[in-house]
Structure formats: structure tokens, C-alpha cells
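Structure first, then comments.
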Amino acid sequence: MNKKLHPEIIKHFHSTTFTTPIIGVTGGKGGVGKSTIAVNLAAAFVAQGKKVALIDADVDAPNDSLLLGIPLENPEPVTIMQPVFDPEKCTDCQKCVKACQMNSLFRSQPKTITLLGECNGCEACYLVCPAEAIGRGSHSVGTLYTTKRGNLTLYTGALQPGLAESALLVNAVRKTAFADADLFDIILVDTAPGTHCNVIGALKGADHVLAVTEPTPLGAHDLELILSLLDMFAVQTSVVINRSDLPGQKAKTEKTGRAGSTPVAAEIKQNKDLLAGYLQGRPVVNLFPNSSTAKIFLGLADRLAAAYPDWKKQARQEQL
Amino acid sequence: MKEIVILSGKGGVGKSSLTAALAHLLTEKGTRLTLADTDVDAPNLHIVLGANFDRSRAVAASDKAIIDYEKCSRCMRCVDACAFSSIIGENEPIIISYSCEGCGVCALVCPEEAVSIHPVENGKINFVTSGAVRVVAGELGIGESSSGRLVDIVKREARQEASLNGSDLLLTDGPPGIGCPVIAALKGADYAILVSEPTPSALSDLQRIAEVVRGFGIPAGAVLNRSDMDPKSAGITQDWLVQNNIPLLGKIPYDPRLPQALARGALAVNMYPDAPSSLAIKELHKAVEGLLE
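First to last, the protein sequences are chains A and B. For the first sequence, the working numbering begins at 1 and goes up steadily by one. For the second sequence, the working numbering begins at 1001 and goes up steadily by one.
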């Protein structure tokens, strides 16, 4: 099922209009600690004096603000186009009903077209209407938040429960953050779990991606999937093994498949400090700056920052 | 036949492990059931069950735009018209298949009729067996879209399978989140079991999924996994459940036996039947049996 991607698509995936490095945090599986890693890494970069943008692209379950202990600010609605029908102008040709691939338009009686199903704002109905009877209304699908705390700015989106437009919201959050890119030394992106289009959308432009996993059969299974996806897009990747001391299959996680040829950037054991930080909504890097766990994150931040010129060099070589 | 769906809002709180353990206990006590794995991005119920693949079938869960370059005049109108920025290119239009919604706007604006919309095979339905338990699992191709439609197909197949084998219960292991695949997993369910754990993040996600479930008018109960992880958070979650009339069906303490069993491809309820988590899941099993009456 792994199709070869068009080289233009890979190039498009990697193109950005700025030079600020982007680090993605993903993992395939839910609950392996993506957000914990992302907020602690953000805190580590801040501790080293860097200006950091953290994008929480898990718009279904945005939790980075809770883990950082900062309430969300500056809400802005994210809207999509939704058709508005003018029955006076409608000639009842029903071209709009035919054009709607979502099967969301319904004609109950002459000259009354109504939107019954979900609308993704594609504007097909608007385009085909010969009578200009369809106007562009707008419909809110979620909220975008920009929250500043010192050298850290958190960009979050929250999907309106009951709606399906996660991808649109991910794009809106990313665009807002990227518009400010020049203000930052580094941009971190925390993705949703899974290997679907939302995750790729969130990681667009990433110079390096940390794939977070845990040493369980489920972790190994989902890690293989996400590494295959990152490979399709030619993204530089390393693995972070969380809860590395879980009774399980660390050796298997490290040796098999793509995981076997992907470098391990860090290993984090289960520990009370991390759990305390998680429960209190404070990164360990701030709560226990001298703990061994904080040092792991600070070391990881150092290594990532040092590697940045190499990523750019490699990206340039790939484009040649 | 009853339909119960297991959801959580948050990933990694133990949905699949719980689904597998419940399925095993229910089957052992005589309930005939079919399982549906609707986490089509990362289907791993079969791993938790230690199950065998029977057969697999490719499915088309998406419609995508396809360009006939013989006809294309490179006018690039389709690039400008796409509301999802799914067509790129400098010299000729290229469809970014993974984000194409198949809405057909590109085909509508094309003056050469060079674009058409076709269903594409981008997923699989896997049929899996573990003892007496039949599992219908969806698997979306890596990097694909339309997980909601694939979940619809999985549920349709699972219902068919369930009626063929005379199941009393269709138990659905849901995807994480609250987006389209979750909504598809929830549709048609008689009851939703919401799995959470005592942390601020999990509570936030529980509140969001509870809102979705309420929106569909589906009754729900909750399970608190790793319930002894943090007494303060556990108290806050339980208070919230009481205030929102969501019954607590069970509390499962943290138990290292669970990952130990999982690492061996076995269920803790089988391998360590007297472990604290196994005893708690057995209590929960009674509550679920009650839901079936």
C-alpha cells in the first residue's frame, strides 16, 4: 500500500518560507508521552535562553497547555465556508445537489435546497450554481489560541466537539504559528496520534522528527507505521523510547524493522518526577531542574540545537 | 443485538487492553460477541488478543482527483480552486493524494475536462480470530485520509459478521480523539464506555468525548484506569462524573502485570487471574453484562 510519492510532493512538504528550525514530536500511538516530551523539550530550549514556539497540533485532544500549566489565551474562531441559499434566485436546476460529493445537499420541495449533512467548505455548490443563488456563509469549526509566557509561545487549536474538521484546524494553527516564525529560535510541533493526513499536515516543513515510542508490542507496531510514513516523506527522524524500563521488548523495539536503523535520541525511564510534573502541570525541567530526567531533556535540546546546521545541509543536498 | 463502543478522547489510556480483556471474560461466560477495531490508524487489538489473521480485503474508503495529463492544458485553475491546498505544482498540477478530499471542485473548474474523481483503494478490512472471538479490524494505508469512511465500512462489515455468527454484542474499540473516525465509531451505538485515567489531561479529553457522546444522545458510563495513580486527580474526575450523571462502571488499579502479560502476547486476566487489575476487570465485566440485559 506504500505508494511512491511524487518528488514535487516531497519537495512541497519540506518547503518553508523561513529558516527557523522545526522539530516534530510524533509517535503513531496515543499515550506514549508525545506531549510530555514536547513540553519538556520546549522548557529545556527556553531554559537555554531560546525563544520557542510550541504548536499543539492534536486538535482533538489538545493537552499541552495543561501540561505547561498555562491557561489558553487569545481565542480566535476558525471558520470554513458554508453555503447560504437564496430561494428567490434559485432556479431549481439542482446542479448543486449533484456537485456535492459529500451528499450533504437536499431538495425537499421545489426551489428549496437545504444543507443537511456535513459540509467541508469545498465550494463545489457555489461554483456550479448558474443563478448566483448560493452565497458564502461561514461556519465555526473550532478555536485557535495563542498564549505567550516569557520566551515560550504556545499555539493550540481545539476542534469543536462533534465536528470532523481536524485537518482544517491543524492547518490554521500551523499557519498562524508559521507567520510568526522569524520571532523564534526554534519551532516544536506536537502531533495527534496516528499515521493519517492530519499527522503529515502537522509535520509539514519539519527538519527533524522525534518518534516517541514505548517498549511494548503495541509501541513497536505503531512505531513501524510512523517510521514508514516519515520515510515516505524523506524526513530525518530519531526515536525517543519512553518508559524504557517497562517489562517488555526494548530489544525488539531497537532492533527490528525501520526502528533498527533509526537512531535513538533519548531513553526515559518511568519515574516519579515525570509523573509529578504531569499531574501538577509543570514540566520536569522547571519543577526539578537538577533531576536526571530534566538532564535528559536538556541534553536532548543541546544535541538537537547542535545538529541543526547539518539538517539544513542535508535538506539542501536532497533538493539538488 | 447490543452495540457498545469503547472510547477515551485520549490515546494510551488502555482502551484496547480493556476491550480485549472484557471480550475474553464475556465470551468465557457465554456471551456471543464480535469485536470491531476502529482505530484504523493504529489497529492493534489483534496484538493485545494474540490473534491470528484469517483474511484481508482491500477497500476504497476515499474518492480522489486524478488528472489526465494528455488533456491538461497546464492552466493551473485547479490549483487556485482547491479549498484544501491539495493541488501543487509549478509547471503542471500535481494532486497531493493524502489531503485530497475528492470534493470535485478541481474537475468543475477544469476547462479541458482533464480531472476526474475516482474511488481509490487506500485501506484494508482484516478478519481476525482469537479463540471464540471474531474481530473485524480496519487498517488505513499509511499517510491516507478518510479514516471516518473506513470506520463506517468496518462497522458495516462487523455488523454483518455479528449477525452471521449470532452475536449478542458488537463491542467496538474506538479510535483516540473526537474527530471524524470517532464520530463514525460512535454512530449506532447503544452505549459508550468512556475510559479515562486520573490525570488533568485525561480529564480534559474525557470531558470533550463526553460532550460528543451527549450530542449523539448515547448513554455512557466511565471506567477509571490506573485509578490509584493520583488520588487527588481521581477525586476530581469522580466528582465530575457525578455532577454529569455519568456512572462509574469500574476502577482498575495500576498493575505491572498488565504490560508484563502484554509483552508475552497474553491477557493479564488469563495469565494472572488474581492480580488486582484482573479482579477489577472481572467486576467491570459484571457491570457490562448488566448493560446487555
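Ideal Cβ positions, reconstructed from N, Cα and C, are used throughout, including at glycine. None of these values were measured; they are calculated from a predicted model.
Query	Result
What is the rounded straight-line gap between the Cα of Ala1081/B and the Cα of Val1105/B?	7 Å
Please work out which residues of its chain come closer than 8 Å, Cβ to Cβ, to Glu73/A, disregarding the five sequence neighbours upstream and downstream, and give them in chain order.	Tyr145, Thr146, Thr147, Lys148
If you draw a straight line from the alpha carbon of Val1269/B to that of Arg1226/B, how long is it in whole angstroms?	16 Å
Only counting runs of 4 or more residues, tell me where the alpha helix (DSSP H) segments fall wholly within the stretch 225-270 of chain A, in order along the chain.	250-255, 257-261
Per DSSP, which residues does Gly1138/B bridge with? Please list them.	Ile1125/B
Once you ignore the five residues that flank Thr1027/B on each side, which residues in its own chain have a CB closer than 8 Å to its CB?	Leu1033, Gly1131, Ala1132, Val1133
In the DSSP assignment, find the alpha helix (DSSP H) that holds Ser1277/B and state where it starts and stops.	1276-1292
According to DSSP, simplified to helix, strand and coil, what is Asn171/A?	helix
Assuming the contact rule is C-beta atoms closer than 8 Å, Gly1123/B and Ala1061/B should be a hit. Round their C-beta distance to whole Å, please.	5 Å
Tell me which residues of the stretch 1280-1291 of chain B have at least one Cβ-Cβ distance to chain A shorter than 8 Å, keeping chain order.	none
Of all the beta strand (DSSP E) runs that stay within the bounds of the stretch 1141-1177 of chain B, which reach a length of 3 or more residues?	1169-1173
Is any beta-carbon of chain A found at less than 8 Å from that of Gln1238/B?	no
Reducing DSSP to helix, strand and coil, say where Asp207/A ends up.	coil
Which residues does DSSP pair with His139/A in a beta bridge?	Ile80/A
Looking at the C-beta of Asp1255/B, does it have a partner C-beta in chain A at a distance below 8 Å?	no
Looking at the structure shown, is Asn1270/B part of a helix, part of a strand, or coil, going by DSSP?	helix
Give me the subset of the stretch 123-151 of chain A whose CB atoms are less than 7 Å from a CB atom of chain B, sorted by chain position.	Glu123, Ala124, Leu127, Val128
Can you grab the Cα-Cα spacing for the pair Gly201/A / Pro1093/B, in whole Å?	19 Å
Comparing the C-beta of Glu321/A with each C-beta of chain B, is any distance below 8 Å?	Outside the modelled stretch of chain A, which goes from 1 to 320, sits residue 321/A, for which no answer is possible.
So, helix, strand or coil for Val1195/B, using DSSP?	strand
Which residues of the stretch 1176-1207 of chain B have a Cβ closer than 7 Å to any Cβ of chain A? Give them in chain order.	Pro1176, Gly1177, Ile1178, Gly1179, Cys1180, Ile1183, Thr1199, Pro1200, Ser1201, Ser1204, Asp1205
Under 8 Å: do the stretch 1062-1079 of chain B and the stretch 82-97 of chain A share three or more Cβ pairs, one atom per stretch?	no
Does Arg174/A pass the burial test, meaning 16 or more other C-beta atoms within 10 Å, or should it be called exposed?	buried
Please go through the same chain and pick out, in chain order, the residues whose beta-carbon is closer than 6 Å to the beta-carbon of Gly33/A, but skip the five residues on each side of it.	Val212, Asn242
What residue does the beta strand (DSSP E) around Arg107/A start on, and which one ends it?	105-109
Between the stretch 191-218 of chain A and chain B, which residues of the former have CB atoms less than 7 Å from a CB of the latter, in chain order?	Ala192, Pro193, Gly194, Thr195, His196, Cys197, Ile200, Gly201, Thr216, Pro217, Leu218
Of the residues that make up the stretch 1028-1047 of chain B, which ones have a beta carbon closer than 7 Å to any beta carbon in chain A?	Asp1041, Ala1042, Asn1044, Ile1047
Say the cut is 7 Å; is the CB of Ala1083/B nearer than that to a heavy atom of the ligand MN?	This structure lacks the ligand MN; in fact it carries no ligand of any kind.
Reducing DSSP to helix, strand and coil, say where Tyr308/A ends up.	helix
DSSP state of His1024/B, grouped into three classes?	helix
Does the distance from the CB of Gly28/A to the CB of Leu225/A come in under 8 Å?	yes
Take Ala301/A and list the residues in its own chain whose beta-carbon comes closer than 7 Å to its own, dropping the five residues that flank it on each side.	Leu41, Ala44, Phe45, Gln48
Output, in chain order, the set of chain A residues within a Cβ distance shorter than 7 Å of Pro1259/B.	Thr216, Leu246, Pro247, Gly248
If you draw a straight line from the C-alpha of Arg107/A to the C-alpha of Leu116/A, how long is it?	10 Å
Going along the chain, which residues of the stretch 1141-1156 of chain B sit with their C-beta nearer than 7 Å to a C-beta in chain A?	Gly1141, Ile1142, Gly1143, Glu1144, Ser1145, Ser1147, Gly1148
What residue range is occupied by the uninterrupted beta strand (DSSP E) comprising Glu1003/B?	1002-1007
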